[in-house]
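S.K.: Chains A and D, in that order, give the protein sequences.
Mapping of the first sequence onto the working numbering: position 244 corresponds to residue 244, and the numbering continues sequentially without gaps.
In short: position in the second sequence from 1, add 1000, done, that's the working numbering.
I'd like to ask some things about the structure below.
2 protein chains.
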Amino acid sequence: MHMDRLATPALVIDRDVLDANIAVMSALRPGAALRPHVKAFKSTSLARRLAEAGHLGFCAATPREILGLAAAGLGDDLLLANEVLDPERLRELADCDARVTVAVDSVETVDAAARAGIREVLVDVDVGCFRCGCPPADAGRIADQARAAGLEVRGVMGYEGQLMMTPADERSERVAEAMAPLLDAHEAVGGEVISGGGTGTCLENTFVTELQAGSYTLMDTHYASQGLPFQQALSVVCTVISVNPGGWAVADGGLKALGMDHGNPTVEGYEALYFSDEHVTFTPGADGRLPEIGEQVRVRPAHVDPTVAYHESYRIVSDGQVVDDWPIDLRGW
Amino acid sequence: MHMDRLATPALVIDRDVLDANIAVMSALRPGAALRPHVKAFKSTSLARRLAEAGHLGFCAATPREILGLAAAGLGDDLLLANEVLDPERLRELADCDARVTVAVDSVETVDAAARAGIREVLVDVDVGCFRCGCPPADAGRIADQARAAGLEVRGVMGYEGQLMMTPADERSERVAEAMAPLLDAHEAVGGEVISGGGTGTCLENTFVTELQAGSYTLMDTHYASQGLPFQQALSVVCTVISVNPGGWAVADGGLKALGMDHGNPTVEGYEALYFSDEHVTFTPGADGRLPEIGEQVRVRPAHVDPTVAYHESYRIVSDGQVVDDWPIDLRGW
């Protein structure tokens, strides 16, 4: 089927761009040096392509992502890079058919993991992101508590999320500064794993043993501004449903098809005016023209993760043809 | 079950507040004078409560919302208040077990509706929202085209979305200005229906025969600032998973649980610092304290519609007890 017959709004992956992004990152971080973060794309079909590219360990932000990967046979080495206290969901993680490691950053999260039967943990360390992670000086104590509770401590993790949009010429220095306390914490904690980083620091973070990156596969306009060696594979394809002689047009994708926290997505070839629940209103671009009713337009998301979480599936496109359909089967919590 | 045992993030409706909101609006706009807009809440369970309150006609923004209402036996009089060109989905609407009216604003949308076997339409008129709707002067011509194509024209609709956040003391005047061209268009079009309005203009829009409002049922912080006679029934209940001695805490609801286009949601009792994919980071509120790890916090959405679209179900709470579970069964397109 040609993509001009897609029911819209449709979340579309350009397969050739995706494949190129995967190849570039696999060259930078081969095999276990990359632990792809599935929160960015939430699909076991895409995860399987990464496994085929040699990355057998995955990183996740929710219990459902872990359970879905396990059920899909992708459970070689799964890291829940997030703190969870819920005993039921922790027990499901402990009981699923996979090697599951969870992040802990407090005595409470250590206790919850141990009581649920979790076997392996990483100590999550605050590296300046103002989110989870213990103060670096507490990491050794938390590792001791975990070992005392019977948990295997595989090492440390720390996400320098505050640096994902740092200008390229400052990135090396700032990543080194952020990783220094993580390396100190690792000295105190022990174990083989130092996990961290993301798409935005994939070139500079040479301190971790494994990079946690997912957005590089699909990319968005925010990351595209950062001079990274990846191209945008993701778009929301919409149909123009109304053209007003006043000088604007409206397509059928809006706030329920696009994450908006990074600002307005980009309507290719036009100027986005505003987004409402199920619509984007736009004005002419440089060529001064508006589309016809029924034409498709491509909207490039500003933030991949909360965009993907709205959709049920990806339509995979190559050379204008829809060649596959991948369920977004890791949504929810 | 007490709500403190909820798996989080949980989308929670306070049932008593919802019931009060429904009662207030039913007094203002009884029976068919209100056509509740299901796009705000996307649940046939909530729609059924509105039907029980006497509102048997519904308004929707997507084909799936219409088909779901029809399948739930709520198909007395359904309006797709949006333009659709897709022949397959229009045919599904024509064939479903419901009275379905669709909006048209161009010869293309008239033709698509007629070819698919749709029987009834409203002419959608631009009343200043910079979205769909024909220029008022074109409405008569489009009605003629629709009748020539064999469609029954029930009247007109026009959404004054640009006025939903107008200060209360200007609203009457501005609503009257926006509705004047709709009334002119109605003169040219004929039919019994003048449909329009929304939660933000429910007190002032006395020009329409039926008000299209949905957000009033659940409310959000944006509408709550408008002095309307409705209270916030909706929250995202989260669990505190990390507390940092540096002075912040983190709970387990973020960009994939909350629509962000209206700015930051509110963390009750605290100051939201920022939201990331699965987290909200917050600092102490007026009392200077942070919660304990494991405590619940309530996050009030800034925009109800794109928040609801992320979730699978509502947990219905009354007096702190979870009393019901309503599927959000009208998601997608």
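Ideal Cβ placement from N, Cα and C applies to all residues, glycine included.
As the structure is a computational prediction, the values presented were derived from the model and not from experiment.
Cβ atoms of residue 104/A and residue 76/A: under 8 Å apart, would you say?
M.R.: No; because the gap between Cβ atoms is not below 8 Å, this pair is not in contact.
S.K.: Measuring only between beta-carbons, confirm whether residue 1216/D sits less than 8 Å from chain A.
M.R.: Not a single CB atom of chain A sits nearer than 8 Å to the CB of residue 1216/D.
S.K.: Do residue 1029/D and residue 1202/D have their C-beta atoms within less than 8 Å of each other?
M.R.: The answer is yes: Cβ separation under 8 Å.
S.K.: Hey, residue 156/A and residue 122/A are a contact pair by Cβ (cut 8 Å); roughly how many whole angstroms apart?
M.R.: 6 Å
S.K.: Would you tell me roughly how many angstroms separate the C-alpha atoms of residue 26/A and residue 1098/D, rounded to the nearest one?
M.R.: 53 Å
S.K.: Exposed or buried, residue 1225/D, counting other C-beta atoms within 10 Å across all chains shown (16 or more means buried)?
M.R.: exposed
S.K.: Between the Cα of residue 1063/D and those of 1270/D, 1022/D, 1085/D, 1046/D, spot the shortest distance and give me the residue it belongs to.
M.R.: 1085/D
S.K.: Could you name the residues of chain A that residue 1260/D contacts, counting a contact when the two beta carbons are closer than 8 Å?
M.R.: 259, 260, 261, 306
S.K.: Output needed for residue 60/A: all residues of its chain with C-beta closer than 6 Å, excluding positions within five of it in sequence on either side, in chain order.
M.R.: 38, 66, 80
S.K.: Can you name the start and end residues of the beta strand (DSSP E) that residue 216/A belongs to?
M.R.: Careful: residue 216/A lies outside any beta strand (DSSP E) and carries neither H nor E.
S.K.: Kindly indicate which three-state DSSP category residue 1131/D falls into: helix, strand or coil?
M.R.: Three-state result, residue 1131/D: coil.
S.K.: Three or more beta-carbon pairs under 8 Å between the segment 1307-1325 of chain D and the segment 1270-1288 of chain D, yes or no?
M.R.: no
S.K.: May I ask you to report which of helix, strand or coil DSSP gives residue 1084/D?
M.R.: coil
S.K.: At least one CB of chain A closer than 8 Å to the CB of residue 1184/D: is that the case?
M.R.: For residue 1184/D, the nearest beta carbon of chain A is not closer than 8 Å to its own beta carbon.
S.K.: Do you know offhand how far residue 281/A's Cα is from residue 183/A's?
M.R.: Approximately 49 Å between the Cα atoms of the pair.
S.K.: Based on the DSSP secondary-structure assignment, which residues constitute the bridge partners of residue 1079/D?
M.R.: 1059/D, 1101/D
S.K.: Mind checking residue 1031/D: buried by the 16 CB within 10 Å criterion, or exposed?
M.R.: exposed
S.K.: Would you mind listing the alpha helix (DSSP H) stretches within the segment 1099-1182 of chain D that are 4+ residues and don't spill past its ends, in chain order?
M.R.: 1107-1116, 1139-1148
S.K.: From residue 1022/D to residue 1235/D, what distance separates their C-alpha atoms?
M.R.: 17 Å
S.K.: How big is the Cα-Cα spacing for residue 1257/D and residue 47/A?
M.R.: Using only the alpha carbons, I get a separation of about 23 Å.
S.K.: Could you tell me which residues DSSP pairs with residue 1282/D in its beta bridges?
M.R.: 1249/D, 1272/D
S.K.: In three-state DSSP terms, what is residue 24/A?
M.R.: helix
S.K.: At least one CB of chain D closer than 8 Å to the CB of residue 9/A: is that the case?
M.R.: yes
S.K.: Which of helix, strand or coil does DSSP assign to residue 1327/D?
M.R.: strand
S.K.: So, does the segment 1183-1193 of chain D touch the segment 1146-1165 of chain D, judging by three or more C-beta pairs under 8 Å?
M.R.: yes
S.K.: If you follow the alpha helix (DSSP H) that residue 1050/D is in, where does it begin and where does it stop?
M.R.: 1044-1052
S.K.: Put residue 66/A into one of helix, strand or coil per three-state DSSP.
M.R.: helix
S.K.: By the criterion of Cβ-Cβ separation under 8 Å, what are the contact partners of residue 1126/D in chain A?
M.R.: 244, 246
S.K.: Put residue 1074/D into one of helix, strand or coil per three-state DSSP.
M.R.: Assignment of residue 1074/D by DSSP, reduced to helix, strand and coil, places it in the coil class.
S.K.: Among 1322/D, 1261/D, 1293/D, 1287/D, whose alpha-carbon lies nearest the alpha-carbon of residue 1307/D?
M.R.: 1261/D
S.K.: Against residue 1202/D, what residues of chain A qualify as contacts under a CB-to-CB distance less than 8 Å, listed in chain order?
M.R.: The contacting residues do not exist; residue 1202/D stays about 18 Å from chain A at best.
S.K.: Assuming residue 1254/D contacts residue 1277/D (C-beta within less than 8 Å), just tell me the rounded distance between them.
M.R.: That belief holds up - the Cβ atoms of residue 1254/D and residue 1277/D are roughly 5 Å apart, short of 8 Å.
S.K.: So, is residue 5/A buried or exposed, given that buried needs 16 or more other C-beta atoms within 10 angstroms?
M.R.: exposed
S.K.: With a cut-off of 8 Å on the beta carbons, I'd call residue 218/A and residue 297/A a contact; round off their distance for me.
M.R.: Actually they do not touch by this definition, with Cβ atoms about 19 Å apart.
S.K.: If you drop the 5 nearest sequence neighbours on each side, which residues of the same chain put their C-beta closer than 7 Å to that of residue 1318/D?
M.R.: For residue 1318/D, where only same-chain residues beyond five positions count, the Cβ hits under 7 Å are 1015, 1016.
S.K.: Run the CB neighbour count on residue 1003/D, radius 10 Å, all protein chains shown included, and call it buried at 16 or more, exposed below.
M.R.: Result: buried.
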